[in-house]
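Chain order of the listed sequences is P, B and S. The numbering of the first sequence is my numbering, which starts it at 84 and goes up by one. The numbering of the second sequence is my numbering, which starts it at 84 and goes up by one. The numbering of the third sequence is my numbering, which starts it at 84 and goes up by one. Remarks on the structure that follows.
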Amino acid sequence: MAAAALLDFASVLIFALTGALVASRAQLDVVGFAFLANLTAMGGGTFRDLLLDRHPVFWIAEPLYLGVATGAALLVFFTAHLLESRYRTLIWLDAVALSVAVAAGAGIAQAEGAPAPVVLVMGVMTGCLGGLLRDVVANEVPLLLKQGEPYATCALGGALALWTATALGLAPGFAALLCAGVTFALRASSLAFGWHIPVYRPRPPRQ
Amino acid sequence: MAAAALLDFASVLIFALTGALVASRAQLDVVGFAFLANLTAMGGGTFRDLLLDRHPVFWIAEPLYLGVATGAALLVFFTAHLLESRYRTLIWLDAVALSVAVAAGAGIAQAEGAPAPVVLVMGVMTGCLGGLLRDVVANEVPLLLKQGEPYATCALGGALALWTATALGLAPGFAALLCAGVTFALRASSLAFGWHIPVYRPRPPRQ
Amino acid sequence: MAAAALLDFASVLIFALTGALVASRAQLDVVGFAFLANLTAMGGGTFRDLLLDRHPVFWIAEPLYLGVATGAALLVFFTAHLLESRYRTLIWLDAVALSVAVAAGAGIAQAEGAPAPVVLVMGVMTGCLGGLLRDVVANEVPLLLKQGEPYATCALGGALALWTATALGLAPGFAALLCAGVTFALRASSLAFGWHIPVYRPRPPRQ
């Protein structure tokens, strides 16, 4: 469980940074930064805990998470103007946060003994939900829905790696590391090399 | 409970088809299809289960639901280009899904012994939430909010029918069938004949 | 707990009025009014109850809440055309609802013995979530995200007041009243005098 708590902290911190960066793009005030940072950071894990009936929810059991996210929001509020490109920072931080959150979500579902499809869904959902909430609330086009850019696909790849590693008898900590690594490698390759996966194209209009 | 499980399966399958159709309109990739199909299909029932404190949530207890929704997403991904009009298919499938989901939601609340207003709300909410999530996430105008087109109204009519039938002592299975029938008849009439219900109109500007 | 129930009723009533006003701006039908009124009125409190694992959820335990919200929706449907400015009415009612909901959310978390950061988050979340759901679903710019207008900040101020008052040993009822008063005073001052708090401004482009 220690590995899971560490992953949760890392994921909360990094997602909070992305939430605050989106708040800076929307030019909110400092409490708006904290709100969006906390929403993004706690969103995925909160739904995971509600769905798995784990109470108290992780940030109620350990309010330090709220402090971490709020601290991250303050940090961004006072330093974001130093960044060369807030959007580039945002998508790369989001890639790291996604990787860590997928590992946290899939790992906890695995530890609770959930069947394989539930492990995969929990990984993808925990990974994607925080960012999705952030983008829907701030009225940006969700990164998840950018055409042809693999996002949920990377999360699914990472969750599959975790499930496979556990099925092969590897230790949970190693499986989580592998999961985060696979997710990040997939997402980073896509961002760096412009890898796309085929999107649905309607048939061309008849002549 | 067997009738309820059947209704849940049917509702998951049909809502997943609508989610995948919306994904095709947004030209997502195949994992995006699966994500939107699962979100649409599980949304309403998941909130129903969380609100009524039924654990494990239906698709955690029976992961086959995830397989059904994902299969539906794949089917649409590979065949949607054969459709004459994806939008017409979408609104008619959505009408079927709404009808089935209202029956599933209201029926389970009724079976749990909830009071009448809660049965009605659960029916309307389970029916409307999946489609609402689908449209908000995909950034389409929610079908629920189209001006003057009865949507929640049809769900309410169906839930009322289920409650009345149960109060008159009819069997749950029959009440569920009646509920789905009434919801679909109302929605289909509105779509086919352009039935509208009065909408709020602000007073005309003073001359 | 009696004070908490009163606050919940007041908050449900007033949030329902704001939901119905937004429905009138979107020119929905009467069931759409009721849907948006209920979503707005129940949203914050429902998440609070789910997060704190309080079952049954408040409006399932006491369906009268649903009647109150639906009655408010009907009232607005038939009288909104008499208003001089629906938008002004909306933002002022929203300020009252926010104040009451913050007190209800923070008060219940306090009564459950939650630690200070959780009390603050519950206050802000219960206060802001209903209006946020209303605005996201109705596709309006969330009041919460209006640039430079303190909103979450007012909620935070109120929740801090409640926590401080309780720490000083004041009675829960008085602490709740103080919380609502502080929240409203902050929000009303901002609306009436145009008080702003500093927003994030990107550095000016280099010359």
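Built from N, CA and C at the ideal position, the CB exists for glycine as well.
- For P:A117, the closest alpha carbon among the candidates P:L134, P:H164 and P:A155 is that of P:A155.
- Of P:M205, P:V202 and P:P255, the smallest CA-CA separation from P:L89 is found for P:P255.
- In this structure the segment 223–241 of chain S does not touch the segment 146–164 of chain S; the number of beta carbon pairs closer than 8 Å is below three.
- Taking 8 Å as the upper bound on Cβ-Cβ separation, chain B lies near residues N121, T129 and L133 of the segment 121–134 of chain S.
- Looking from the CA of B:A242, the closest CA among B:A271, B:V204, B:V219 and B:H279 belongs to B:V204.
- In chain order, D112 and V114 make up the part of chain P whose C-beta sits under 7 Å from the C-beta of S:T236.
- Across the structure, P:S272 and P:A178 are spaced so that their CA atoms are roughly 11 Å apart.
- Within chain P, the C-beta atoms nearer than 8 Å to that of S:I280 come from D112, V113 and V114, in chain order.
- Proximity of B:V207 to chain S, defined by a Cβ-Cβ separation below 9 Å, is satisfied.
- Distance from the Cα of S:A259 is smallest, within the candidate group S:L215, S:V202 and S:L216, for S:V202.
- For S:D112, the three-state secondary structure derived from DSSP is strand.
- The Cβ of B:F118 sits closer than 9 Å to at least one Cβ of chain P.
- From the listed residues S:R169, S:G264, S:V113 and S:C262, the smallest Cα separation to S:T153 is found for S:V113.
- When secondary structure is reduced to three states using DSSP, S:H138 falls in the coil class, being assigned neither helix nor strand.
- The way I'd put it, the segment 205–214 of chain B does touch the segment 169–188 of chain B; three or more beta-carbon pairs between them come closer than 8 Å.
- P:G126 and B:G213 have their alpha carbons spaced roughly 19 Å apart.
- Counting along the chain, S:A268 sits inside the alpha helix (DSSP H) bounded by residues P255 to F276.
- Judged by DSSP secondary structure, P:G206 falls within the alpha helix (DSSP H) whose first and last residues are A199 to V220.
- When the alpha-carbon of P:P146 is set against those of S:P146, S:A197 and S:V151, the nearest one is in S:A197.
- Here P:A275 is exposed. Its C-beta has fewer than 16 other C-beta atoms within 10 Å.
- Not a single C-beta of chain S is nearer than 9 Å to the C-beta of P:G214.
- Here the alpha carbons of B:A263 and P:A99 stand approximately 44 Å from one another.
- Spanning the alpha carbons of S:V151 and P:L269 requires a straight line of approximately 51 Å.
- Here B:F267 is buried: its Cβ has 16 or more other Cβ atoms, across all protein chains shown, within 10 Å.
- Three or more beta-carbon pairs drawn from the segment 101–109 of chain B and the segment 213–223 of chain B are found closer than 8 Å, and the two stretches are therefore classed as touching.
- Nearest CB-CB separation between P:C211 and chain B: below the 9 Å threshold.
- Each of B:F161, B:Y234, B:F257 and B:A189 was checked against the Cα of B:W175, and the nearest Cα belongs to B:Y234.
- With a threshold of 16 other beta carbon atoms within 10 Å, P:A180 meets it and is buried.
- Contact check between the segment 134–145 of chain S and the segment 132–140 of chain B: three or more CB pairs, one atom from each, fall below 8 Å, which counts as touching.
- Looking at S:D91, S:G102 and S:F92, the one whose alpha-carbon comes closest to that of S:R169 is S:G102.
- A straight-line Cα-Cα distance of about 22 Å links S:E195 and P:G128.
- Not a single C-beta of chain P is nearer than 9 Å to the C-beta of B:G256.
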